[in-house]
Amino acid sequence: MEEDEGETVSVSEVAPALIAVHPLENSVAVAVGSELRVFDLKGDCPVSMLADSGGPSHSDTIRDITFCPNGSLFASAGDDKLVKIWRTDTWSCVRTVFTEKRVSAVAISCDGLYVTFADKFGLVWLVSLGEDVEGHALVDNKPVPILGHYCSIITSMKFSPDGRFIATADRDFKIRITLFPKRPLKGAHEIQSFCLGHTDYVSCLAFAYPSDQIQGFLLSGSGDSTVRLWNFIDGILLDTCEIGAKAGLIKSEESKPAVTDICTSQDGSLIAVTTQSLNGVILLNCDFSAKSLSVAQVITMEKSYIPTSLALSSSTECLWTVMGASKQPSSGNAQLLTCLRIMSGFGKDSSDAHPHDPVVLQDNEVPGGEKLLLKLQGSLDVAEKEEVLRAAAAALRVSMHNMLIKKQYSVEKREARKSSRNDKKLKK
Amino acid sequence: MSKDNNSGAHPGNGQSGRLPRKRFYRARAHSNPLSDSHFPIPLSPADVDYAHHFPHFFAPAEPDRGNGMALSPKVRFADVGCGFGGLLVGLSPLFPDTLMIGMELRDKVTEYVKDRILALRDSNPGKYENISVVRTNSMKYIPNYFEKGQLSKMFFLFPDPHFKEKNHRRRVISPQLLDEYAYVMEIGGVIYTITDVEELGDWMRSCLEEHPLFEAVSEEELETDPVVKLLSSATEEGQKVARNGGQTFKAVYRRVALHEE
Ligand SMILES: C[S@@+](CC[C@H](N)C(=O)[O-])C[C@H]1O[C@@H](n2cnc3c(N)ncnc32)[C@H](O)[C@@H]1O
Chain A
1 MEEDEGETVS VSEVAPALIA VHPLENSVAV AVGSELRVFD LKGDCPVSML ADSGGPSHSD
61 TIRDITFCPN GSLFASAGDD KLVKIWRTDT WSCVRTVFTE KRVSAVAISC DGLYVTFADK
121 FGLVWLVSLG EDVEGHALVD NKPVPILGHY CSIITSMKFS PDGRFIATAD RDFKIRITLF
181 PKRPLKGAHE IQSFCLGHTD YVSCLAFAYP SDQIQGFLLS GSGDSTVRLW NFIDGILLDT
241 CEIGAKAGLI KSEESKPAVT DICTSQDGSL IAVTTQSLNG VILLNCDFSA KSLSVAQVIT
301 MEKSYIPTSL ALSSSTECLW TVMGASKQPS SGNAQLLTCL RIMSGFGKDS SDAHPHDPVV
361 LQDNEVPGGE KLLLKLQGSL DVAEKEEVLR AAAAALRVSM HNMLIKKQYS VEKREARKSS
421 RNDKKLKK
Chain B
1001 MSKDNNSGAH PGNGQSGRLP RKRFYRARAH SNPLSDSHFP IPLSPADVDY AHHFPHFFAP
1061 AEPDRGNGMA LSPKVRFADV GCGFGGLLVG LSPLFPDTLM IGMELRDKVT EYVKDRILAL
1121 RDSNPGKYEN ISVVRTNSMK YIPNYFEKGQ LSKMFFLFPD PHFKEKNHRR RVISPQLLDE
1181 YAYVMEIGGV IYTITDVEEL GDWMRSCLEE HPLFEAVSEE ELETDPVVKL LSSATEEGQK
1241 VARNGGQTFK AVYRRVALHE E
């Protein structure tokens, strides 16, 4: 029992399905449970992952997936304590890192030379993907710890697009901005700022670097039902958008819906947010000069579709959304089902005063068409999905809550734990 | 999140000037810094009501001057795991214009320190106004209390040793926590550590030695630093060790700017 203290207890194991899109929209990846599904948009075909070359495949829930900024690498990591790094041209796994603890977040540095991952104790580790002098990949270099959030779970980890900073958010309301050093193997010791102000766990982070601004900005979403805009260089809160209230999501005395994911176009002109309860996506508008955030549009979809993850390519042609859960109520089907909805039509033409309304694409309109949906969703049968997704939505609500809310002991249990403490017996 | 209202030492609440007695504040020998307790956590440094802790330093604005709070002083010294507060009491008269705060995890011990400070203020009017204490888990909430570069001194006196290897991550000095301490310290600020446990002494020294943002303070400087003498003599734990004739191990380091080669 003593050993478990401070670790986060996995009360409920249901995890949301994740989606990531290649920056040039060459491919799109979905993770659900231990399954990684990739569709090659350029080649217009499903991808079979060549896991054998790089160690075992994932055997437990994948908690985070990401492409590196130029799209050449992809990383996946999760509860099986594996961090897998893939080449996206061949989709072969080039490296499997065996870690000691479950992994909650993974990121690839902007130069593609390092992969960082966060373990469930709040430690961030780094592995070098560099090559030695002969040009051989350093396959057995060990991960080194580079920074830590003391005894908290890191919920999101992102590099700033200029590569100078690494941002980490945790379930103790904290966002830490750390300078990413030139020699990160020696650790990332210099903290640039803490962005403090959220009143519940921080669930997601996204950077925005508007071209007409000298400094970049950070956006964060939280269990407190807000999205916040930060001057992350100085750790200053610039604006708070009460998502639930502003988007008209709070009916009566219902608890405020947690923000579950956020994604931005690099210049911040497009900001999309999902919440725990909205069947759709909220688009925010950020006036970076006035430093203000507002709800621009709420796009709703069919009732049972509550997206769990969002992705944008750098061309921002499409906003990709997925809904799904790692454990699904017995459908008698071994296959884990997800549901994808893709939006397009984000009027990017700046001369256009009235941007076109984004539209949700019909199944036959999505890039890759039915082939893609079959691969990434696991099925085309919408009727069957409806039911599964409804159940998944409910399971996820409970699990997100349990996962991120701090462990609360009853008074009796607390006393019982106290009396079994070892350090008490060790009295000097 | 509430303001940190009731954790300040407030004067004039009917306490007599008699010093509190430790035996009324008996507490567990150690506390586990990993378990979450129920105490108020300030959302950010701006959320901490320091005026409440140091009323003499936050006199209400004079009506004709207007902006009385504009120059409100900041806490400069932090005694982390302050225990019964002996160091704060020893430092207070040495730096009468410097605000110092103790951080302590144990509830009863924090209450004792509060009462001790109030009693000292009562019986020595105008003195001990620069020290106070908060109950918090310093390993988690240091950035909630202090801004970047705010502190000029941090103290870690006789911290709990956590002998077992798997418990090393509970130690209050670690490579990762030093990043946070470096963040709240000004360049040139000094971190003082002392212990009677040799292994812990080695650990703290090597963590500091290997950290790129800290540099050892020279022996000559240590000899002229009036604070150094207090490390082994001012606190309850230090006095206990001294009574038993125990050895102590110090490591005193300065916060330096990072120079990437
Ligand atoms: C051995 S005592 C030393 C007290 C004092 N510095 C002295 O020299 O007498 C260590 C103290 O640190 C406190 N402590 C341990 N972990 C802490 C934490 N995470 N935050 C604040 N205080 C902590 C303990 O409650 C205890 O009072």
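Residue numbers (the working numbering), protein chains in the order written: chain A, 1 to 428; chain B, 1001 to 1261. Glycine included, each C-beta is placed from N, C-alpha and C at the ideal position.
Here residue 23/A is actually not in contact with residue 56/A; their C-beta atoms are around 28 Å apart, not less than 8 Å.
The straight-line gap separating the alpha-carbon atoms of residue 1248/B and residue 1196/B is approximately 4 Å. When Cβ-Cβ separations below 7 Å define contact, residue 1247/B makes no contact with chain A. Distances from the alpha-carbon of residue 1054/B to those of 1235/B, 1134/B, 1123/B, 1243/B put 1134/B closest. Under the three-state reduction of DSSP, residue 127/A is assigned to strand.
Just measuring C-alpha positions, the residue of 31/A, 316/A, 278/A, 256/A sitting nearest residue 268/A is 316/A.
The beta-carbon of residue 196/A is placed less than 7 Å from the nearest beta-carbon of chain B. Checking the 6 Å criterion, the Cβ of residue 1180/B is out of range of every heavy atom belonging to ligand 1. Note that the C-beta distance between residue 389/A and residue 309/A is not below 7 Å. At least one heavy atom of ligand 1 lies less than 6 Å from the C-beta of residue 1083/B. Taking 7 Å as the Cβ-Cβ cut-off, the segment 1203 to 1235 of chain B approaches chain A at 1211, 1212, 1213, given in chain order. Distance between residue 1074/B and residue 143/A, taken at the CA atoms: about 40 Å.
Residue 1179/B and residue 237/A have their C-alpha atoms some 22 Å from each other. Taking C-beta separations shorter than 8 Å and ignoring five residues to either side along the sequence, the partners of residue 48/A in its chain run 91, following chain order. Residue 1080/B and residue 1041/B have their C-alpha atoms some 16 Å from each other. Within the chosen limit of 6 Å, ligand 1 does not reach the beta carbon of residue 1098/B with any heavy atom. Among the CB atoms of chain B, one or more fall inside 7 Å of the CB of residue 148/A. Shown here for residue 184/A: same chain residues with a beta carbon closer than 7 Å to its own, the five before and five after excluded, namely 114, 126, 146 in chain order. With respect to the C-alpha of residue 367/A, the residue from 18/A, 39/A, 31/A having the closest C-alpha is 39/A. Taking 8 Å as the Cβ-Cβ cut-off, the segment 214 to 228 of chain A has no residue approaching chain B. Excluding sequence positions up to five before and after residue 1174/B, its CB lies within less than 7 Å of the CB of 1207, all in the same chain and listed in chain order.
Not one heavy atom of ligand 1 lies closer than 6 Å to the C-beta of residue 343/A. Given a length threshold of 4 residues, the segment 139 to 184 of chain A has no whole run of the alpha helix (DSSP H) inside it. By the CB criterion at 7 Å, residue 74/A and residue 107/A fall outside the cutoff. In the three-state DSSP reduction, residue 201/A falls in the coil class, being neither helix nor strand.
C-alpha of residue 1167/B to C-alpha of residue 241/A: approximately 41 Å in a straight line. As DSSP reads the structure, residue 1141/B sits in no beta bridge.
Burial is judged here by how many other beta carbons sit within 10 angstroms of a residue's own beta carbon; residue 198/A has at least 16 and is buried.
The way I'd put it, the segment 1125 to 1134 of chain B does touch the segment 1090 to 1104 of chain B; three or more beta-carbon pairs between them come closer than 8 Å.
Using a Cβ-Cβ cut-off of 7 Å, residue 45/A is close to nothing in chain B; its nearest Cβ partner there is about 45 Å away. Taking a Cβ-Cβ threshold of 7 Å, the residues of chain A close to residue 1183/B are 191, in chain order. Taking a C-beta distance under 7 Å as the contact criterion, residue 293/A and residue 229/A qualify as a contact pair. By the Cβ rule, the segment 168 to 179 of chain A does not count as touching the segment 1187 to 1195 of chain B, because fewer than three pairs are nearer than 8 Å.
Taking 7 Å as the cut-off, the Cβ atoms of residue 21/A and residue 28/A count as close. For secondary structure counted as the alpha helix (DSSP H) over 4 or more consecutive residues, the segment 1114 to 1187 of chain B holds these complete runs in sequence order: 1138 to 1145, 1175 to 1184.
In terms of beta-carbon proximity, residue 1120/B stays away from the interface with chain A, with every pair separated by 7 Å or more.
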